[in-house]
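A short write-up of the structure that comes next.
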Amino acid sequence: MSIALSELQPGQEIGRSTLEVSRADLVRYAGASGDFNPIHWNERFARSVDLPGVIAHGMFTMGAAVQLVTDWIGDPGAVLDYQTRFTRPVTVEDVDGTPGAVVEVTGVVGAVDADSSTARIDLTVTFNGQKVLVKAQAVVRVW
Amino acid sequence: MSINPELAGRSYPAGESYQVGREKIREFARAVKATSPAHFEIAAAQKLGYADLVAPPTFAIIVAQQADAQLIRDPGAGIDFSRVVHADQRFTHHRPIVAGDELLAELHVDNVRAMGDGALITTRAEISTVEGEKVATTLSSILVRGEGQ
């Protein structure tokens, strides 16, 4: 796939994806990242520190959401800058047969910079209809 | 326990280097549900012009959080890890991280802002190779929640 900078327009949608998240995903992310904070795997502990339940690592959601961008551009190394604020927790239920949480991701072109040959992709990431990431922006190099 | 307001401006020198391994890139990529072949197959990464497997865009968090741990474990900082919530995060890549890199992270506490009984702490990790090449700058804010927050 090849994307031409000249064909990108602010507001243009690059795609959308649905992330199904399970408790197993959080355990896997904890192991891969080294972030073993028990709020991400221990319900008792999470509630004892006034959280609604086990919550996903913000970095899990951030890391999984950007896949929409890397799949679109076709090169994970093209993501030059990526930032977000974490505004709401993604509570992941302990259930069998259905996902513990469903996160929706949409990406649109936020800006195009011909001088640096980059585009800013703005991600909208929601859980239960509410934004969990705010100002989620990835700047990608477009050849 | 309260946050030491004098943390701002403090720096922690890089500890031991972090060796970026192929299996770690594959493991981390699976954990963030990444499917790009450049994370898994050397030939696919080379086709994109990289010497070896390319790390996902948020991989540097492993190195940054190891550097952050120096601050969180510092008894003088007054941070209760069980009350830490991640508030924001930014990665600026000077070049992609690839398997075989040996990385160092120097940590800077850029800002400390009191929020009720808690505090918002912003740290910056400057990540470079052991040879001195700049690789990534990460910015992270953590909210240490006070009681009842």
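The listed protein sequences derive, respectively, from chains A and B. If you use this note's numbering, the first sequence corresponds to residues 1 to 143, in order. If you use this note's numbering, the second sequence corresponds to residues 1 to 149, in order. For every residue, glycine included, the Cβ atom is placed at its ideal position computed from N, Cα and C.
Asp71 of chain A to Ala114 of chain A, Cα distance in whole Å?
Rounded to whole angstroms, Asp71 of chain A to Ala114 of chain A spans 22 Å at the Cα level.
At least 3 beta-carbon pairs within less than 8 Å: the segment 31-48 of chain B vs the segment 50-66 of chain A
The segment 50-66 of chain A and the segment 31-48 of chain B touch, with three or more beta-carbon pairs separated by less than 8 Å.
In whole angstroms, give me the CA-to-CA distance for Thr118 of chain A and Gly77 of chain A.
Taking the straight line from one Cα to the other gives about 13 Å.
Considering only their Cβ atoms, is the gap separating Gln137 of chain A from Arg90 of chain B smaller than 7 Å?
Not in contact: Arg90 of chain B and Gln137 of chain A (Cβ atoms no closer than 7 Å).
Ignoring anything shorter than 3 residues or poking outside the segment 9-34 of chain A, list the beta strand (DSSP E) runs there in chain order.
Note on the segment 9-34 of chain A: whole beta strand (DSSP E) runs with a minimum of 3 residues are 13-21, in chain order.
Find the residues of chain B that neighbour Pro99 of chain A, judging by a C-beta separation of less than 9 Å, and give them in chain order.
For Pro99 of chain A, there are no neighbours in chain B by C-beta distance under 9 Å, as the nearest C-beta there is about 12 Å away.
Between the segment 73-89 of chain A and chain B, which residues of the former have CB atoms less than 7 Å from a CB of the latter, in chain order?
Going along the segment 73-89 of chain A in chain order, one finds Asp75, Pro76, Gly77, Val79, Leu80, Asp81, Tyr82, Gln83, Thr84, Arg85 and Phe86 with a Cβ nearer than 7 Å to chain B.
Through-space distance from Ile73 of chain A to Ala87 of chain B, alpha-carbon basis:
The straight-line gap from Cα to Cα measures roughly 28 Å.
Can you tell which of B:Lys24, B:Ala51, B:Gln70 and B:Arg145 has the C-alpha that lies nearest to the C-alpha of Val96 of chain B?
One point to set straight first is that residue 96 of chain B is Pro, not Val, in the sequence displayed. Checking every option, the nearest Cα to that of Pro96 of chain B belongs to B:Ala51.
Step through the CB atoms of chain B and report whether any lies within less than 7 Å of the CB of Gly11 of chain A.
Chain B, which has no Cβ nearer than 7 Å to the Cβ of Gly11 of chain A, makes this no.
Using a Cβ-Cβ cutoff of less than 6 Å, which residues in the same chain neighbour Pro89 of chain A once the five nearest sequence positions on both sides are dropped?
For Pro89 of chain A, same chain residues with a beta-carbon under 6 Å away, outside a window of 5 residues either side, are Ile55 in chain order.
Should Arg124 of chain B be labelled buried (16 or more other beta-carbon atoms within 10 Å of its own) or exposed?
Buried, by the Cβ-count rule.
Cβ closer than 9 Å: which chain A residues qualify as neighbours of Ser82 of chain B?
Here the neighbours are Asn37, Pro38, Ile39, Phe45, Ser48 and Val49.
For Arg22 of chain B, does the three-state DSSP call read helix, strand or coil?
The three-state secondary structure of Arg22 of chain B, taken from DSSP, is helix.
Assign Thr58 of chain B to one of two classes, buried (16 or more other C-beta atoms within 10 Å of its C-beta) or exposed (fewer than that).
Counting Cβ neighbours within 10 Å, Thr58 of chain B comes out buried, since at least 16 surround it.
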